[in-house]
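Once you know that position 369 of the sequence shown is 605 in the numbering used here, the rest is easy, because the numbers rise by one and skip nothing. Think of the CB as a built atom: it goes at the ideal place given N, C-alpha and C, for glycine as much as any other residue. Encoded as structure tokens, the structure appears first; notes follow it.
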Amino acid sequence: MASEAEGQWALLATGRAPTNIAVIKYWGKRDEALILPVNDSVSVTLDPDHLSATTTVAVSPSFASDSMWLNGKEISLSGGRFQSCLREIRRRARDFEDEKKGIKIKKEDWEKLHVHIASYNNFPTAAGLASSAAGFACLVFTLGKLMNVKEDYGELSSIARQGSGSACRSIYGGFVKWCMGKKDDGSDSIAVQLADEAHWKDLVIIIAVVSSKQKETSSTSGMRDSVETSPLLQYRAQTVVPSRVLKMEEAIKNHDFESFAKLTCADSNQFHAVCLDTSPPIFYMNDTSHRIISLVEKWNHSEGCPQVAYTFDAGPNAVLIARDRKTAALLLQKLLYYFPPHGKDLSSYLVGDKSILSDAGLHSIEDVEALPAPPEMKIHDQKFKGDVSYFICSRLGAGPKVVTDESQALLNSITGLPKGA
Ligand code: DP6
237 MASEAEGQWA LLATGRAPTN IAVIKYWGKR DEALILPVND SVSVTLDPDH
287 LSATTTVAVS PSFASDSMWL NGKEISLSGG RFQSCLREIR RRARDFEDEK
337 KGIKIKKEDW EKLHVHIASY NNFPTAAGLA SSAAGFACLV FTLGKLMNVK
387 EDYGELSSIA RQGSGSACRS IYGGFVKWCM GKKDDGSDSI AVQLADEAHW
437 KDLVIIIAVV SSKQKETSST SGMRDSVETS PLLQYRAQTV VPSRVLKMEE
487 AIKNHDFESF AKLTCADSNQ FHAVCLDTSP PIFYMNDTSH RIISLVEKWN
537 HSEGCPQVAY TFDAGPNAVL IARDRKTAAL LLQKLLYYFP PHGKDLSSYL
587 VGDKSILSDA GLHSIEDVEA LPAPPEMKIH DQKFKGDVSY FICSRLGAGP
637 KVVTDESQAL LNSITGLPKG A
């Protein structure tokens with residue numbers, strides 16, 4: 237390790253990675269330590285402008301230990317998952333030289349340098365929106381950049397997988413498949429891109445962040461209990477998912493929304509059925525989630541073919557995928573009829589791509605109050621103000637990117653400490 241300019245230096249890299257939502261779910265591990273799943277899964281990557289993690293990583297000879305700050309708070313890096321990601325990236329680090337700064341780091345020297353990591357989510361971590369997927373994908377991607385790791389996205393995905401299973405799918409944009417693999421060492425359990433974000437531009441995603449006071453069972457412990465106790469999980473993994481994944485790949489390739497929506501809804505429902513089949517049963521959805529399912533099902537039925545797909549992860553939030561913008565605007569009207577905002581402020585009730593509000597003709601709270609009852613629904617007199625915290629309107633998005641604008645780095649380029657600390 238050498239630096240022309242004697243004294244202190246810090247080397248930084250910043251990256252941004254998206255979150256993803258599975259349309260064929262991963263639920264259950266065959267190896268807990270390596271995070272190897274019992275079935276393949278398929279996801280869509282969400283637009284990082286709306287849902288992503290930004291991470292700055294730094295190395296410096298002056299750092300005394302590996303340290304990490306998440307959303308401004310220092311957190312421990314001692315957990316096995318962080319350690320696996322750090323170890324695997326360091327193993328693949330290559331020689332690096334920055335002639336201008338006079339910094340030269342040999343392959344074998346990376347091991348001796350401690351890292352500082354600062355990460356920030358542009359959405360509330362507590363909202364239960366797959367923050368670990370974006371977080372680990374971003375950590376692995378950005379560390380890889382810093383340490384000059386060869387750009388092999390399959391390999392990066394297998395490292396991100398060891399942070400959190402679903403994180404391996406956030407290494408790509410668009411439509412992504414996580415192939416479960418067969419090998420015991422997990423080297424073939426990697427994500428591949430099925431199609432990029434430009435492949436099916438019509439799709440619009442509306443997320444209902446559902447209010448919940450209940451402390452949820454984490455995915456990690458929930459799926460462990462399911463593997464140990466649910467007979468339905470075995471049937472799902474061995475018999476249902478393999479053919480469903482093939483059909484899903486076809487649907488994506490052919491822009492076949494009807495099949496895409498039917499498969500997505502069926503898979504979400506089966507995943508939650510596995511949760512109910514677990515002992516003790518796990519309830520991730522609540523009454524609001526069920527009301528949203530019923531609204532979508534009735535509308536799809538009345539139209540004669542699916543307009544919207546729904547999917548729910550390990551929590552009550554609904555992720556709704558509309559076939560196009562016109563449908564998304566109609567969906568928003570129906571949702572806001574039943575779930576109007578508490579206060580008068582419409583613009584903080586829908587975040588992300590706010591232009592969907594004007595597409596739906598909703599410019600003020602008075603427009604929401606004047607919405608007609610969805611004709612396909614039988615119950616019109618009841619509204620559920622306060623049951624949805626807010627909505628996010630988004631679309632499919634790209635995979636991780638380097639952030640070159642140094643002003644967006646989360647660590648100070650001289651001290652290597654969080655900015656503002
Ligand atoms: C329901 O990836 O959070 O969102 O691998 O234990 O970190 P760990 O679990 P995680 O589980 C995600 C489960 C899911 C379905 C999915 O994303 O496929």
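Integer-rounded CB distance, given that residue j should sit under 8 Å from residue i
| i | j | result |
| --- | --- | --- |
| A278 | A258 | Rather than Ala, the amino acid found at residue 278 in this sequence is Val. Sure, about 7 Å apart at Cβ, within 8 Å. |
| H352 | A294 | 5 Å |
| I311 | V481 | Incorrect: roughly 35 Å between the Cβ atoms, too far for contact. |
| V477 | C629 | In fact, because the Cβ distance is near 30 Å, the residues do not count as touching under 8 Å. |
| I601 | K580 | 5 Å |
| V446 | N256 | In fact, because the Cβ distance is near 19 Å, the residues do not count as touching under 8 Å. |
| D617 | T524 | Going by Cβ atoms, the distance from D617 to T524 rounds to 18 Å, so no, they are not a contact pair. |
| L365 | L287 | 6 Å |
| K619 | Y574 | 6 Å |
| A431 | S402 | About 19 Å; that fails the 8 Å criterion. |
| G652 | F359 | Not confirmed; about 26 Å, so no contact. |
| Y471 | S504 | Contact doesn't hold; Cβ gap of about 17 Å is too wide. |
Residues of its chain near residue i, where Cβ-Cβ distance is below 8 Å and the 5 sequence neighbours each way are ignored
| i | result |
| --- | --- |
| A645 | L248, T250, T292, V639, K655 |
Cβ shell of residue i (< 6 Å), same chain only, five flanking positions each side left out
| i | result |
| --- | --- |
| I518 | T453, G458, C511 |
| Y585 | P577, Y626 |
| M304 | I311, L313, I353 |
| C404 | S393, A396, R397, W414, A427 |
| D283 | S630, R631, G633 |
| N648 | K655 |
| S643 | none |
Boundaries of the alpha helix (DSSP H) in which residue i is found, first to last residue
| i | result |
| --- | --- |
| C415 | Looking at the DSSP string, C415 is not in any alpha helix (DSSP H), and its letter there is neither H nor E. |
| A497 | 493-512 |
| I426 | Segment: none, I426 is in no alpha helix (DSSP H) and carries neither H nor E. |
| R480 | 477-489 |
| N256 | Note, N256: premise wrong, no alpha helix (DSSP H); beta strand (DSSP E) at 256-260. |
| T378 | 367-382 |
| V385 | Note, V385: premise wrong, no alpha helix (DSSP H); not H, not E. |
Buried/exposed call for residue i, threshold 16 Cβ in 10 Å
| i | result |
| --- | --- |
| W245 | buried |
| C501 | buried |
| R527 | buried |
| D560 | exposed |
| K570 | buried |
| A444 | buried |
| E433 | buried |
| R330 | exposed |
| N490 | exposed |
| I650 | exposed |
| D589 | buried |
| A565 | buried |
Beta-carbon proximity list for residue i, same chain, < 7 Å, skipping 5 on both sides
| i | result |
| --- | --- |
| Q398 | L270, I271, R317, S320, C321, E324 |
| E612 | K534, W535, S538 |
| T563 | Q543, V544 |
| A693 | In the structure as shown, the chain begins at 237 and stops at 657. Residue 693 is therefore absent and cannot be evaluated. |
The beta strand (DSSP E) enclosing residue i, as first and last residue numbers
| i | result |
| --- | --- |
| C541 | From DSSP, C541 is part of no beta strand (DSSP E); its letter is neither H nor E. |
| I339 | 339-341 |
| G316 | Unbroken run through G316 is the alpha helix (DSSP H), 316-328; no beta strand (DSSP E). |
| T291 | 288-296 |
| V639 | No beta strand (DSSP E) contains V639, which DSSP labels as neither H nor E. |
| K309 | 309-311 |
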